[in-house]
Amino acid sequence: MALPLTLDVNGSERHVRIEGRELLVHVLRDALGLTGTHVGCDTSQCGACTVLIDGQAVKSCAMLAVQATGRQITTIEKLSDGGLHPVQQAFRDKHGLQCGFCTPGMILTTIDLLSQCPDPTDEEIRDGIQGNLCRCTGYQNIVDAIHLAADTMRASASPAA
Amino acid sequence: MTNLIGSSPKRREDGRLITGNATYTDDVQLPGMLYAMILRSPVAHARITALDVSAARALPGVVAVYIGADIEGRVNPVPCAWNVPNCDLRLPSHPMLAVDTVRYQGDGVALVVAESRGIARDALALITVQYAELPSVIDPEQATAPDAPQLHADIPSNIAFTWTVAGGDADAAFASAPVAVDLRIVHQRMQPSAIEPRAAVASWNPGSEELTLWVTSQNPHIHRFLCAGMLKLPEHRVRVIAPEVGGAFGSKIAAYADEALASFASMDLCRPVKWTEDRSENYLATTHGRDHVSHVELCGTADGTITGLRARVFAGLGAYASTAAPGIPTILHGLMYSGPYMIPNITGVIRGVYTTATPVDAYRGAGRPEATFMLERLIDLFARKLGMDPVAVRRRNLIPSDAFPYTVATGLVYDSGNYQGALDKALSMFDYEAFRIEQTLARAQGRYIGVGVTTYNEICGLGPSSIAGATGFGGGLYESAIVRVYPTGVVRVYIGAKPHGQGEETTFAQVVAQEFGLPIEHVEIVHGDTEKTPQGWGTYGSRTTAVSGSAVKLAALRVKAKAKTLAAHLLGVSEDDLDWDGGGFATHADATQRKGFAELALMANLAWNMPAGLEPGLEATASFDPPNFVYPFGTHICTVEVDVETGEVKILRYLAVDDCGPLINPMIVEGQVHGGVIQGMGEALQEMAIYNEHGQLLTTTMMDYAVPRAAQMPRIETAHTVTPTNVNPLGVKGIGEAGTIASVPSVVSAVCDALSPFGIQHIHKPLTPARVWAAIQLATAGAA
Numbered sequence: 012m013a014l015p016l017t018l019d020v021n022g023s024e025r026h027v028r029i030e031g032r033e034l035l036v037h038v039l040r041d042a043l044g045l046t047g048t049h050v051g052c053d054t055s056q057c058g059a060c061t062v063l064i065d066g067q068a069v070k071s072c073a074m075l076a077v078q079a080t081g082r083q084i085t086t087i088e089k090l091s092d093g094g095l096h097p098v099q100q101a102f103r104d105k106h107g108l109q110c111g112f113c114t115p116g117m118i119l120t121t122i123d124l125l126s127q128c129p130d131p132t133d134e135e136i137r138d139g140i141q142g143n144l145c146r147c148t149g150y151q152n153i154v155d156a157i158h159l160a161a162d163t164m165r166a167s168a169s170p171a172a
Numbered sequence: 016m017t018n019l020i021g022s023s024p025k026r027r028e029d030g031r032l033i034t035g036n037a038t039y040t041d042d043v044q045l046p047g048m049l050y051a052m053i054l055r056s057p058v059a060h061a062r063i064t065a066l067d068v069s070a071a072r073a074l075p076g077v078v079a080v081y082i083g084a085d086i087e088g089r090v091n092p093v094p095c096a097w098n099v100p101n102c103d104l105r106l107p108s109h110p111m112l113a114v115d116t117v118r119y120q121g122d123g124v125a126l127v128v129a130e131s132r133g134i135a136r137d138a139l140a141l142i143t144v145q146y147a148e149l150p151s152v153i154d155p156e157q158a159t160a161p162d163a164p165q166l167h168a169d170i171p172s173n174i175a176f177t178w179t180v181a182g183g184d185a186d187a188a189f190a191s192a193p194v195a196v197d198l199r200i201v202h203q204r205m206q207p208s209a210i211e212p213r214a215a216v217a218s219w220n221p222g223s224e225e226l227t228l229w230v231t232s233q234n235p236h237i238h239r240f241l242c243a244g245m246l247k248l249p250e251h252r253v254r255v256i257a258p259e260v261g262g263a264f265g266s267k268i269a270a271y272a273d274e275a276l277a278s279f280a281s282m283d284l285c286r287p288v289k290w291t292e293d294r295s296e297n298y299l300a301t302t303h304g305r306d307h308v309s310h311v312e313l314c315g316t317a318d319g320t321i322t323g324l325r326a327r328v329f330a331g332l333g334a335y336a337s338t339a340a341p342g343i344p345t346i347l348h349g350l351m352y353s354g355p356y357m358i359p360n361i362t363g364v365i366r367g368v369y370t371t372a373t374p375v376d377a378y379r380g381a382g383r384p385e386a387t388f389m390l391e392r393l394i395d396l397f398a399r400k401l402g403m404d405p406v407a408v409r410r411r412n413l414i415p416s417d418a419f420p421y422t423v424a425t426g427l428v429y430d431s432g433n434y435q436g437a438l439d440k441a442l443s444m445f446d447y448e449a450f451r452i453e454q455t456l457a458r459a460q461g462r463y464i465g466v467g468v469t470t471y472n473e474i475c476g477l478g479p480s481s482i483a484g485a486t487g488f489g490g491g492l493y494e495s496a497i498v499r500v501y502p503t504g505v506v507r508v509y510i511g512a513k514p515h516g517q518g519e520e521t522t523f524a525q526v527v528a529q530e531f532g533l534p535i536e537h538v539e540i541v542h543g544d545t546e547k548t549p550q551g552w553g554t555y556g557s558r559t560t561a562v563s564g565s566a567v568k569l570a571a572l573r574v575k576a577k578a579k580t581l582a583a584h585l586l587g588v589s590e591d592d593l594d595w596d597g598g599g600f601a602t603h604a605d606a607t608q609r610k611g612f613a614e615l616a617l618m619a620n621l622a623w624n625m626p627a628g629l630e631p632g633l634e635a636t637a638s639f640d641p642p643n644f645v646y647p648f649g650t651h652i653c654t655v656e657v658d659v660e661t662g663e664v665k666i667l668r669y670l671a672v673d674d675c676g677p678l679i680n681p682m683i684v685e686g687q688v689h690g691g692v693i694q695g696m697g698e699a700l701q702e703m704a705i706y707n708e709h710g711q712l713l714t715t716t717m718m719d720y721a722v723p724r725a726a727q728m729p730r731i732e733t734a735h736t737v738t739p740t741n742v743n744p745l746g747v748k749g750i751g752e753a754g755t756i757a758s759v760p761s762v763v764s765a766v767c768d769a770l771s772p773f774g775i776q777h778i779h780k781p782l783t784p785a786r787v788w789a790a791i792q793l794a795t796a797g798a799a
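So the sequence lines, in the order shown, correspond to chains A and B. Per this note's numbering, numbering through the first sequence is continuous, rising by one, with the last residue being 172. Per this note's numbering, numbering through the second sequence is continuous, rising by one, with the last residue being 799.
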C-alpha cells in the first residue's frame with residue numbers, strides 16, 4: 012500500500028506516496044523527477060546513484076526511501092544553484108567525463124571526499140573514489156579534476172594573504 | 016582568428032552532463048507509461064516442458080503477459096545483419112521469446128507489462144516454468160567436438176561458419192622456415208559493462224500508426240531499419256531516438272529482442288512502455304565480447320625475418336548470431352593478420368561456433384585486439400627463441416614508411432603509415448636501453464620487472480560502402496550531414512552518426528566554426544534522432560570523426576561555396592576576385608570590400624537579392640563514403656613488477672605513442688587513449704566472464720565482474736606522431752579503440768618478460784595474482 016512520506020530534498024519539503032519497499036533512488040527519479048541520479052547496478056558497486064545525505068556521500072540504491080526521512084538529501088540538480096560548483100567546473104575543465112553517466116555520482120563523492128580531505132594526494136583521491144566506477148575515462152582526468160577542485164576550493168576558503 | 020583545429024576547447028556536451036540535466040533513455044517519462052520486464056531463463060539449455068503465466072496475468076496492476084507462442088508470427092525473429100559471404104554461414108532463427116527451447120542463461124521466456132516496476136517484478140515471480148535441462152557447452156572449441164551438446168538441430172557441430180583468409184603459401188613457408196613458434200591463446204569472454212544499462216521506451220501512436228522508440232543505441236538509423244523489420248512496420252513509420260547514451264563499447268550496436276518487445280507491447284496495448292535492464296540482466300542479456308580460442312603459429316629465419324603465420328580460431332558466438340557477430344572474427348580480425356608487419360604468407364581458418372552462452376558481438380576493438388595480441392605475443396616468443404631483442408625483431412619486420420600504400424597478404428591496402436617513427440619516438444621517450452640495464456640489476460636483487468612493447472596498427476574509419484556490401488554487412492558505411500545556417504548566422508549541424516561520450520559535439524563544432532570563422536558557441540551538433548538527422552550508420556569501429564566528420568566538412572564547404580557565390584553577386588565582382596579572410600569574403604584589390612559570414616547568412620535566408628539560379632537559404636547536405644579504410648598505428652610500452660610470492664602485478668609505467676593523423680581536439684584524443692588503455696588493462700589483468708560447468712554465469716554483478724577501479728589503475732603517458740591519411744578530407748584516422756588494442760599485449764608481454772627467468776613464455780589473461788602465482792609454481796616445480 013502507498014505510504015505518505017515527507018522528504019527534505021535539495022532544501023525543499025517534498026511529499027510523496029510510495030511503496031514501503033521503494034529505494035531512495037527510485038523515489039528521487041520516478042516520483043520527484045530528479046533524473047540526474049542514475050542507476051548503474053543493483054549491488055551498490057558502481058556509485059552512479061550517489062547523493063549527499065546530511066553532507067555525506069551515500070548510494071541511494073542501497074537505502075529505502077523511508078530511511079531518508081528527517082535527513083537532508085542533496086542531488087546533483089541542487090549543486091549548480093548559484094552557478095557551477097567548483098567540482099563541476101573542474102570536471103569540465105579537466106575533461107573528467109565522457110559519456111557522463113557516472114559523473115553526478117562521481118561529483119557528489121568528490122564533494123564528500125574534499126570535505127574530509129581538502130588537499131588529497133593522488134592515492135587518497137583514487138582510494139576516495141573506489142566506490143564509483145567509470146568505464147570511459149580511465150580515471151586519470153577525474154583524478155586531475157579532483158586536484159583542481161581541491162585547489163580551487165582551498166583558495167576560496169582561505170582568507171586572502 | 017585562432018586556429019580551432021588542434022586546440023582543445025572545453026566540451027560543449029559537458030554542461031548538461033555535470034548538472035544532472037542530460038536525458039538518458041531511462042529518464043524518459045511519458046503519461047500513462049507502463050513498465051515491462053522480461054522473465055529470463057535461469058538455466059543454460061533446456062526444453063520448456065510447462066509454462067504457466069495465469070497467476071501473473073491475474074495480479075492486479077498487470078496489464079499483459081506475453082510468451083513466445085503469443086507473439087510468434089506477429090513479429091519477425093531477431094535478425095543477424097552481417098552475413099559474411101564466401102563461407103557456409105548458418106544462421107538459426109532467433110525468436111524474441113523462446114518458444115520451446117532456451118539456449119543460454121538469460122534467454123527471454125516471457126514479457127510482463129504492468130502499471131509499475133514493482134508490480135512487474137512481482138508478476139515475474141508468479142510465472143512458473145518447468146525446464147527439462149539439456150547439457151551445456153561454453154568453450155567454443157569444445158562445442159565443435161563430436162560429443163558436444165547440439166544447440167540448433169540443423170547446424171551440425173555447432174559450427175556457424177568456417178571462413179578462411181589466405182595469402183602467399185603459409186604451409187610452404189613453415190616447411191622451409193628454420194624457426195617456428197606456436198601458442199594457444201584464450202581470449203576470455205568480456206562483459207562490456209557500460210555504466211548505463213540498456214533501456215527502451217516505446218510509444219505507439221494508433222492514430223498516425225507511428226512508433227517512437229527511445230533506445231540506448233550507438234546507431235539509431237540501424238535500429239530503425241532492424242526494428243521496423245522485426246515489428247513488420249514500414250520503416251518510415253518508425254522514429255528512433257537515442258538520447259544521451261551512457262557508454263556502450265560495442266554493446267549498444269545490436270538490435271535486441273528487448274526493444275522490439277517493448278515496442279510490440281506498446282503497439283498491442285496502445286500505451287507507452289518502458290523496459291530497463293538491471294545490472295545482472297545486463298550481464299546475462301547484453302552482448303559479450305571476444306571469446307576466441309586460437310591456435311597460432313609464426314615462422315621465420317634466423318635473422319628475425321617473419322616469413323609465415325598460421326591461425327586456427329574458434330570464435331564463440333553464444334547461442335545466436337547477434338547483429339554484427341559474424342563479421343567481427345572474420346573481416347575485422349582475420350584480415351588484420353599481417354598487422355604492421357611484412358608477412359608474405361598467411362593462412363587463417365576461423366570457425367564461428369554456437370555455444371550455450373550469451374551472444375557475443377562487438378566489444379571495444381572488435382576483432383582487432385585479438386589479432387594484435389596474437390601477433391605481439393608470437394613475435395615475443397619468436398624473438399626469445401632466436402635470442403634477439405623483441406624490439407629489434409619488430410623493427411626488422413615493420414612495413415617501411417616509404418612503402419605506402421601497401422598491400423598485405425590478406426588483401427588489405429594500408430593507406431599510410433610511419434611505424435618506425437612511432438616506435439623511435441616511444442623508445443626515446445621511454446629509454447629502453449636503460450630499462451634493460453635496470454632489469455638486469457633488479458634480477459640480481461631478486462626483483463622481477465619486465466617490459467612489453469607493442470607496435471600495432473588497426474583498421475578503422477569503416478569504410479567504403481562497396482566493401483560493406485562485398486563483405487555482407489547489412490548496411491552502408493557512409494555518413495551524411497546537414498549544415499544549416501540560420502538567418503542570424505548561427506549554425507546547426509545534423510549528423511547520422513551517434514556520439515555517446517566521444518565528444519563530437521565539440522570536435523565537429525570546431526571543424527565547422529573553423530570553416531566559417533565563427534565562435535564555437537555558434538555551432539550546435541544534433542544527433543541521435545532519426546526524424547531530425549540524415550542517414551548514417553552509427554558510432555563504432557573508431558569511424559565517426561573520419562567518416563561523419565568528413566561529411567560535416569564537405570557540407571560546410573558546400574555552404575561556403577554558396578556563400579561565396581552570393582558574396583560575389585552582392586559585391587558585383589567575380590568569384591575569382593574573392594578570398595576568404597577568416598570571417599568573410601573580401602576582394603583581392605580592397606580588403607574592405609567584403610561580405611562577412613553573418614551578413615551572407617542573413618542575405619541568403621532573406622533571398623531579397625539572389626543571383627540568377629541560386630536557391631534561397633544557406634544549407635547543404637553531404638554524404639561521405641570513404642574510398643578506403645584508415646589504419647591508425649603506434650607503439651605502446653608498459654613496464655611491470657611482479658611479486659613472485661603473491662603473483663601480484665604492479666604497472667610501473669605505461670607510455671602510449673599513437674598516430675591517428677591530425678588531432679582536432681588533443682584533450683579529447685588523450686581522453687580516448689586513457690580510457691582505451693585502462694579498458695585493455697582490465698582485460699589483461701582482471702576482467703573475465705566466468706561460467707560454471709552447468710553454463711551458469713557466475714559474474715553477474717559488479718562485485719564479481721572486475722571492472723577496473725581507480726585505485727587499481729596507473730597513470731598513462733601519451734604522445735603522438737602525425738601521419739595524415741589522404742582517404743578523407745580531414746586527414747584523420749581513429750583513436751577510440753587504439754588504447755584497448757595496444758594495451759592488452761603490452762601488459763601481458765611485460766609480465767611474461769618479467770617472468771622469463773622462470774622460463775615462462777605465456778600466461779592466459781586475465782593475469783590475476785592467482786594465475787600468475789600458479790604459473791610461477793608450475794614453472795618452479797618443473798625446474799626442480
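Every residue gets a Cβ at the ideal spot worked out from N, C-alpha and C, and that includes glycine.
{"Check": "If contact means a Cβ-Cβ distance below 7 Å, which residues of the stretch 104–136 of chain A contact chain B?", "Outcome": "D104, H106, L108, Q109, C110, G111, F112, C113, T114, P115, I118"}
{"Check": "Does G697 (chain B) come out as helix, strand or coil in the three-state DSSP assignment?", "Outcome": "helix"}
{"Check": "Apart from the five residues just before and just after Q608 (chain B), which ones in its own chain have a Cβ nearer than 8 Å to its Cβ?", "Outcome": "L586, V588, A601, T602"}
{"Check": "Count the other CB atoms within 10 Å of the CB of W623 (chain B); is the residue buried (16 or more) or exposed (fewer)?", "Outcome": "exposed"}
{"Check": "According to DSSP, is K289 (chain B) helix, strand or coil?", "Outcome": "strand"}
{"Check": "Run through DSSP, which three-state label would I346 (chain B) get?", "Outcome": "coil"}
{"Check": "Run through the stretch 221–247 of chain B for me and flag every whole beta strand (DSSP E) of 3 or more residues, listed as ranges in chain order.", "Outcome": "225–230"}
{"Check": "T733 (chain B) and L667 (chain B): beta carbons closer than 9 Å?", "Outcome": "no"}
{"Check": "Going along chain A, which residues have a C-beta under 7 Å from A726 (chain B)?", "Outcome": "R137, D138, Q141"}
{"Check": "Name, please, each residue of chain B whose Cβ falls closer than 7 Å to the Cβ of N152 (chain A).", "Outcome": "G686, H689"}
{"Check": "Name the residues in the stretch 189–218 of chain B whose C-beta lies less than 9 Å from a C-beta of chain A; which are they?", "Outcome": "P207, S208, A209, I210, E211, P212"}
{"Check": "Measuring CB to CB, does A68 (chain A) end up less than 9 Å from I157 (chain A)?", "Outcome": "no"}
{"Check": "Is the separation between the beta-carbon of Y356 (chain B) and that of I414 (chain B) shorter than 9 Å?", "Outcome": "yes"}
{"Check": "Could you name the residues of the same chain whose beta carbon sits closer than 7 Å to that of R507 (chain B), not counting the 5 residues immediately before and after it, in chain order?", "Outcome": "R499, E539, V541"}
{"Check": "Indicate whether E28 (chain B) and G111 (chain A) have their beta-carbon atoms separated by less than 9 Å.", "Outcome": "yes"}
{"Check": "Can you find a C-beta in chain B that's less than 9 Å from the C-beta of G93 (chain A)?", "Outcome": "no"}
{"Check": "Run down chain B in chain order and give the residues with a C-beta less than 7 Å from the C-beta of C60 (chain A).", "Outcome": "None at all; the shortest Cβ gap to chain B is about 11 Å."}
{"Check": "Output needed for T177 (chain B): all residues of its chain with C-beta closer than 7 Å, excluding positions within five of it in sequence on either side, in chain order.", "Outcome": "C102, D103, V364, R366"}
{"Check": "Less than 8 Å between the CB atoms is what I'm expecting for E702 (chain B) and P781 (chain B), so what's the real figure, rounded?", "Outcome": "6 Å"}
{"Check": "Can you pull the chain B neighbours of Q99 (chain A), defined as C-beta to C-beta under 8 Å?", "Outcome": "I33, T34"}
{"Check": "Measuring only between beta-carbons, confirm whether Y39 (chain B) sits less than 9 Å from chain A.", "Outcome": "yes"}
{"Check": "What residue does the beta strand (DSSP E) around A726 (chain B) start on, and which one ends it?", "Outcome": "Careful: A726 (chain B) lies outside any beta strand (DSSP E) and carries neither H nor E."}
{"Check": "Residues of chain A with CB closer than 8 Å to the CB of V260 (chain B), please, in chain order.", "Outcome": "C110"}
{"Check": "Nearest to N297 (chain B) by CA position, among A:R82, A:V50, A:Q151, is which residue?", "Outcome": "A:V50"}
{"Check": "Which residues in the same chain have their Cβ closer than 7 Å to the Cβ of V36 (chain A), if we skip the five residues on either side of it in sequence?", "Outcome": "T48, V50, C60, S71, C72"}
{"Check": "Given E30 (chain A), which residues of its chain have a CB within under 6 Å of its CB, disregarding the five upstream and five downstream residues?", "Outcome": "none"}
{"Check": "Specify the secondary structure class of S309 (chain B) as computed by DSSP and reduced to three states.", "Outcome": "strand"}
{"Check": "By how many angstroms is the C-alpha of Y463 (chain B) removed from the C-alpha of E656 (chain B)?", "Outcome": "6 Å"}
{"Check": "Check whether chain A comes within 9 Å of R132 (chain B), counting only Cβ atoms and requiring the distance to be less than that.", "Outcome": "yes"}
{"Check": "Scan the stretch 707–723 of chain B for residues whose Cβ lies nearer than 7 Å to a Cβ of chain A and list them as they occur along the chain.", "Outcome": "T716, M717, M718, V722"}
{"Check": "How long is the line joining the alpha carbons of L248 (chain B) and V117 (chain B), rounded to whole angstroms?", "Outcome": "27 Å"}
{"Check": "Starting from Y646 (chain B), follow its DSSP beta bridges and name the residues at the other end.", "Outcome": "Answer is none; Y646 (chain B) lacks a bridge partner."}
{"Check": "Using CA coordinates, which residue listed in B:I705, B:Q517, B:Q525, B:G478 is at the minimum distance from G261 (chain B)?", "Outcome": "B:Q517"}
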